[in-house]
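Asker:
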Amino acid sequence: MDKLPKNFIQQQIIDDLAEGKNGGRVHTRFPPEPNGYLHIGHAKSICLNFGTARKFGGLTNLRFDDTNPTKEETEYVDSIQEDVHWLGFDWDDRLYYASDYFDKLYEFAVSLIKSGKAYVDFQNQETISDQKGVPTRPGMDSPYRNTSPGENLEIFVKMKDGFYNEGDCVLRAKIDMSSPNMHMRDPLMYRILKQPHHRTDNKWCIYPMYDYAHGQCDYWEGITHSICTLEFEVHRPLYDWFVDELKDSDYRPRQIEFSRLNVSYTVMSKRRLLQLVKENFVNGWDDPRMPTICGLRRRGYTPESMRAFSDMVGITKVDGVTDVAVLEYCIREDLNKRAQRVMGVLDPLKVVITNYTEGQIEEIDAINNPEDESMGKRKVPFSRELYIEREDFMENPTNKFYRLSPGREVRLRYSYFIKCTEVIKNEQNEVIELQCTYDPETKGGNSPDGRKVKATLHWVAVAQAVKAEVRLYDRLFTDPDPAGHKDKDLLEFLNPDSLKVLTECYVEPFVKNAKPLDNFQFERLGYFNIDPDSTAGHMVFNRTVSLKDGYKK
RNA sequence: UGUCCUGUGGUGUAAUUGGCAACACGUCUGAUUCUGGAUCAGAAGAGUUCAGGUUCGAAACCUGACAGGACAACCA
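Going by the numbering used here, the letters in the first sequence line up with residues 27 to 579, in that order.
1. Grab me the residues of residue 223's own chain with a C-beta within less than 8 Å of its C-beta, minus the 5 sequence neighbours each way, in chain order.
2. By alpha-carbon positions, which one of 202, 220 and 212 ends up nearest to residue 193?
3. Considering only the beta carbon of each residue, do residue 347 and residue 507 sit closer than 8 Å?
4. For residue 322 and residue 82, I'd like the C-alpha separation in whole angstroms.
5. Are the segment 470-480 and the segment 436-451 touching, with three or more C-beta to C-beta distances below 8 Å?
6. When the Cα atoms are used, what is the spatial distance from residue 84 to residue 216?
7. Curious, which full-length alpha helix (DSSP H) runs of at least 4 residues does the segment 218-294 contain?
8. Comparing C-alpha positions only, which one of 573, 555, 248 and 72 sits nearest to residue 565?
9. Just mark residue 169 as buried or exposed, buried being the case when its beta carbon has 16 or more other beta carbons within 10 Å.
10. Whose C-alpha, out of 274, 372 and 261, is nearest the C-alpha of residue 418?
11. Can the beta-carbon of residue 64 be found closer than 8 Å to that of residue 357?
12. Residue 68 to residue 543, Cα distance in whole Å?
13. For the beta strand (DSSP E) containing residue 572, name the first residue and the last one.
14. Could you give the C-beta distance for residue 195 and residue 203, rounded to a whole number, given that I count them as a contact under 8 Å?
15. Going along the chain, which residues of its own chain have a beta-carbon closer than 6 Å to the beta-carbon of residue 334, five neighbours each way excluded?
16. Take every Cβ of the segment 249-258, pair it with every Cβ of the segment 50-57, and state whether three or more of those distances are shorter than 8 Å.
17. Which value, in whole angstroms, describes the spacing of the CA atoms of residue 152 and residue 197?
18. May I ask you to list the residues that DSSP assigns as paired with residue 412?
19. Please report how far the alpha carbon of residue 395 lies from the alpha carbon of residue 403, in whole angstroms.
20. Starting from residue 178, trace the alpha helix (DSSP H) in both directions and tell me its first and last residue.
21. How is residue 398 classed by DSSP in three states: helix, strand or coil?
22. Tell me which same chain residues have a C-beta within less than 7 Å of the C-beta of residue 246, skipping the five on either side of it?
23. Do the CB positions of residue 558 and residue 324 come within less than 8 Å of each other?
24. In terms of residue numbering, what span does the alpha helix (DSSP H) encompassing residue 504 cover?
25. Quick one: complete alpha helix (DSSP H) runs, 4+ long, within the segment 27-96?
26. Would you call the CB atoms of residue 70 and residue 271 closer than 8 Å?
27. Taking the straight line between their C-alpha atoms, what separation do you get for residue 28 and residue 264?
28. Look at the Cβ atom of residue 428, then the Cβ atom of residue 478, and state whether they are nearer than 8 Å.
29. Measure the C-alpha to C-alpha separation of residue 407 and residue 535 and round it to an integer number of angstroms.
30. Just verifying my parser: in three-state terms, what is the DSSP assignment at residue 106?
31. Quick one: what's residue 444 bridged to in DSSP?
32. Just to confirm, is the Cβ distance from residue 112 to residue 329 under 8 Å?
33. Are the Cβ atoms of residue 498 and residue 415 separated by less than 8 Å?
34. Can you check the segment 505-535 for any beta strand (DSSP E) of at least 3 residues that lies completely inside it and give the ranges in chain order?
35. Going by beta-carbon coordinates alone, are residue 132 and residue 90 separated by less than 8 Å?
36. From the DSSP secondary-structure annotation, give me the bridge partner or partners of residue 122.
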């Protein structure tokens with residue numbers, strides 16, 4: 027984590043340091059608005075902010091950007107802190123809220139009014155908007171633009187004291203109505219919202235706008251590098267304008283923008299994620315199909331894999347879409363080294379070993395993780411009646427299929443070679459059972475005569491297996507860039523098969539005392555974890571990601 | 001008919017700041033293997049959006065096009 031790949035932001039920090047700016051300090055902040063759950067794009071920003079500061083021996087604050095009480099809730103504040111911690115980062119005692127600065131922001135507004143740089147505008151929203159003009163044409167001055175500072179101050183105090191109603195008036199900065207940058211055309215600083223705030227309750231009825239609050243909060247916290255996403259690029263002159271009015275030393279925070287993360291086959295905007303939750307297209311913010319941090323956590327992703335992903339995608343100003351395969355690579359790579367192996371059958375087909383003694387049970391040695399010897403071994407029960415994966419049998423095998431078929435010998439992992447002698451079907455001509463013979467000489471999985479088999483199958487013993495529910499997830503959308511079509515609604519691309527619930531699955535008894543979120547590899551199938559819905563009597567697994575499959579039909 | 005930003009293999013990034021385009025994912029071979037996984041070895045795939053210019057030399061600098069994005073919430 028300490029040696030992130032070099033990127034343009036680090037280069038700028040190096041340059042700033044070389045110029046001796048800010049006394050050699052590096053101080054960043056992660057400033058979410060508590061209006062939703064964090065997603066993997068935020069994870070990238072968290073890793074960038076905390077990781078960059080750490081690299082330069084600096085600090086990172088967590089700050090809730092809570093300037094709009096109509097959208098913000100304590101539920102989100104709590105989940106955000108949980109997610110940042112889970113990712114492996116800590117802000118020590120530097121937890122801040124924009125609302126901590128409401129008094130100071132008010133005082134600063136008063137000083138701007140006194141120096142004639144802010145005024146109260148009583149026009150309605152539509153009129154103000156019309157006067158702003160359009161990007162290609164200059165705007166017009168408001169008739170309230172030249173109200174005297176004294177009068178403005180009097181009005182602003184009344185605004186704060188609740189004398190006016192929502193929409194009656196706003197406080198605006200007096201900058202430049204003909205600026206080519208729309209954000210400089212006398213931007214709003216305060217609006218009236220007669221709404222309780224999740225932290226300040228009813229103390230305020232005027233609330234600062236983001237643009238008026240952010241740079242000042244950065245300044246008061248001693249932030250040196252205020253990293254945000256590209257859409258704030260055009261806000262930077264305004265950020266600088268307020269900081270210039272405020273600063274009283276050489277220190278100044280600097281805003282740097284990078285491109286937000288997009289991942290193929292999913293969406294990354296809080297608004298759209300909220301829609302998926304509210305309209306029940308998913309089962310909540312932590313639905314394992316969601317790109318939210320809590321969703322990915324529930325799905326089985328580890329903090330390590332998410333940090334690795336964050337490092338891999340890099341930091342630039344280029345708009346693009348990262349292939350979800352990169353994310354999947356990161357979790358496979360991590361879990362391959364760490365996950366406990368176990369055998370589980372998702373679509374069971376019964377196998378009876380006709381020459382195996384009825385009632386006999388053998389405890390077979392199995393390796394817990396071939397990538398990590400220190401994880402040791404476990405015992406797996408073997409008996410006459412087993413389940414194998416239905417797709418591991420083909421009655422009339424194609425030439426690329428080398429698993430079980432009539433007359434063919436394969437290995438059951440860690441146990442014996444078996445040969446299929448008979449296929450039993452029901453009236454619908456469906457295969458319901460296989461009769462096989464085993465070779466007692468092949469115990470442990472190798473034949474003393476050196477004969478080879480082409481396939482090794484996973485299996486579980488019928489009587490000892492734990493019955494489980496397994497939830498298989500597929501991409502939420504069928505289009506690589508579902509939000510990227512101007513003419514089409516995102517919902518048109520919802521994948522109807524993004525969730526498949528299997529209720530007749532069997533897993534070896536080893537998993538019995540596992541806890542929610544524990545990761546496993548089901549051999550030959552993929553990585554699975556225990557869903558929090560799981561109970562002692564009803565185990566529920568999520569498939570985090572399948573194994574790479576080299577078998578092409 | 002504005003301002004700002006961005007254009008490098010399929011994808012994401014890199015190129016020590018002007019020195020014959022590198023890495024990762026993905027894809028495809030082969031070896032190996034009691035996971036069709038992992039591992040190992042290798043391959044294909046861009047001449048850097050285009051056109052000019054500066055230079056011994058340009059992905060990088062300049063000019064001009066073209067393409068994409070952001071900006072006209074009392075959202076952040």
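A virtual CB, placed ideally from N, CA and C, is assigned to each residue, including glycine.
The structure presented is a predicted model; accordingly, all values stated were derived computationally and were not measured.
Answerer: So, to answer that:
1. Position 197 of the first sequence, counted from the first residue, corresponds to residue 223. Once the five neighbours on either side are set aside, the close Cβ partners of residue 223 are 92, 95, 98, 125, 229, 230 and 233.
2. As a first step, residue 193 must be located in the first sequence, where it is residue number 167. For the residues 202, 220 and 212, the minimum Cα distance to residue 193 belongs to 220.
3. Residue mapping note: residue 347 aligns to position 321 of the first sequence, counting from 1. Residue mapping note: residue 507 aligns to position 481 of the first sequence, counting from 1. In contact: residue 347 and residue 507 (Cβ atoms closer than 8 Å).
4. Taking the first sequence and counting its residues from 1, the one referred to as residue 322 is at position 296. Taking the first sequence and counting its residues from 1, the one referred to as residue 82 is at position 56. One C-alpha to the other measures close to 30 Å.
5. Yes, the segment 470-480 is in contact with the segment 436-451.
6. To locate residue 84, count along the first sequence from 1; it is residue 58. To locate residue 216, count along the first sequence from 1; it is residue 190. Residue 84 and residue 216 have their alpha carbons spaced roughly 33 Å apart.
7. Taking only runs of at least 4 residues, the alpha helix (DSSP H) segments lying wholly in the segment 218-294 are 236-247 and 262-272.
8. For the purposes of this step, residue 565 is taken as the residue at position 539 of the first sequence. The residue among 573, 555, 248 and 72 with its C-alpha nearest the C-alpha of residue 565 is 555.
9. Along the first sequence, one-based indexing puts residue 169 at 143. With fewer than 16 other beta carbons inside 10 angstroms of its own, residue 169 counts as exposed.
10. For this step, residue 418 is matched to residue 392 along the first sequence. Comparing alpha carbon positions, the residue from 274, 372 and 261 closest to residue 418 is 372.
11. Here residue 64 corresponds to residue number 38 of the first sequence, with the count starting at 1. Here residue 357 corresponds to residue number 331 of the first sequence, with the count starting at 1. For residue 64 and residue 357, no; Cβs fall outside 8 Å.
12. Locating residue 68 in the first sequence gives position 42, where the first residue counts as 1. Locating residue 543 in the first sequence gives position 517, where the first residue counts as 1. For residue 68 and residue 543, the gap between their C-alpha atoms comes out near 22 Å.
13. One-based indexing of the first sequence puts residue 572 at position 546. Taken as a continuous stretch (DSSP letters only), the beta strand (DSSP E) holding residue 572 covers 565-572.
14. One-based indexing of the first sequence puts residue 195 at position 169. One-based indexing of the first sequence puts residue 203 at position 177. Contact flag wrong, Cβ pair sits at about 18 Å.
15. Within the first sequence, numbered from 1, the residue matching residue 334 stands at position 308. If we look at residue 334 and ignore the five residues flanking it on each side, its Cβ neighbours are 356.
16. Under the three-pair Cβ rule at 8 Å, the segment 249-258 counts as touching the segment 50-57.
17. Your numbering for residue 152 matches position 126 in the first sequence. Your numbering for residue 197 matches position 171 in the first sequence. Taking the straight line from one Cα to the other gives about 16 Å.
18. Here the question's residue 412 lines up with position 386 in the first sequence. Answer is 377 and 487, bridged to residue 412.
19. As a working note, residue 395 is residue 369 in the first sequence. As a working note, residue 403 is residue 377 in the first sequence. Put simply, the backbone Cα of residue 395 is about 8 Å away from that of residue 403.
20. Reading the first sequence from its first residue, position 152 is the one you call residue 178. It spans 175-186 - the alpha helix (DSSP H) in which residue 178 sits, taken as one unbroken run.
21. In the first sequence, residue 398 corresponds to position 372, counting from 1. Per DSSP, reduced to three states, the secondary structure at residue 398 is coil, with no helix or strand assignment.
22. Taking the first residue of the first sequence as position 1, residue 246 is located at position 220. Listed in chain order, the non-local C-beta contacts of residue 246 below 7 Å within the same chain comprise 127 and 130, local neighbours out to five positions each way being set aside.
23. The residue labelled residue 558 in the question sits at position 532 within the first sequence. The residue labelled residue 324 in the question sits at position 298 within the first sequence. Residue 324 is positioned such that its CB atom lies closer than 8 Å to that of residue 558.
24. Here the question's residue 504 lines up with position 478 in the first sequence. Under the DSSP assignment, residue 504 falls outside any alpha helix (DSSP H); it carries neither an H nor an E label.
25. Within the segment 27-96, the complete alpha helix (DSSP H) runs of at least 4 residues are 34-44 and 66-81.
26. One-based indexing of the first sequence puts residue 70 at position 44. One-based indexing of the first sequence puts residue 271 at position 245. The answer is no: Cβ separation not under 8 Å.
27. Residue 28 sits at position 2 when you count from the first residue of the first sequence. Residue 264 sits at position 238 when you count from the first residue of the first sequence. Because residue 28 sits at a pLDDT of 43, beneath the cut-off of 50, its placement in the model cannot be relied upon, and the point is left open.
28. Position 402 of the first sequence, counting from 1, holds the residue named residue 428. Position 452 of the first sequence, counting from 1, holds the residue named residue 478. Pairing residue 428 with residue 478 gives a Cβ-Cβ distance that is not under 8 Å.
29. Here residue 407 refers to the residue found at position 381 of the first sequence. Here residue 535 refers to the residue found at position 509 of the first sequence. Pairing residue 407 with residue 535, the inter-Cα distance amounts to about 8 Å.
30. Taking the first sequence and counting its residues from 1, one reaches residue 106 at position 80. DSSP places residue 106 in helix when its eight states are reduced to three.
31. Locating residue 444 in the first sequence gives position 418, counting from the first residue. Residue pairing by DSSP puts residue 444 in a beta bridge opposite 436 and 464.
32. Within the first sequence, residue 112 is the residue found at index 86, counting from 1. Within the first sequence, residue 329 is the residue found at index 303, counting from 1. For residue 112 and residue 329, yes; Cβs fall inside 8 Å.
33. Within the first sequence, residue 498 is the residue found at index 472, counting from 1. Within the first sequence, residue 415 is the residue found at index 389, counting from 1. No, they are not a contact pair.
34. Segments of the beta strand (DSSP E) lying fully in the segment 505-535: 525-533.
35. In the first sequence, the residue the question calls residue 132 occupies position 106. In the first sequence, the residue the question calls residue 90 occupies position 64. Taking 8 Å as the cut-off, the beta carbon of residue 132 is found no closer than this to the beta carbon of residue 90.
36. Residue 122 sits at position 96 when you count from the first residue of the first sequence. 89, per the DSSP bridge assignment.
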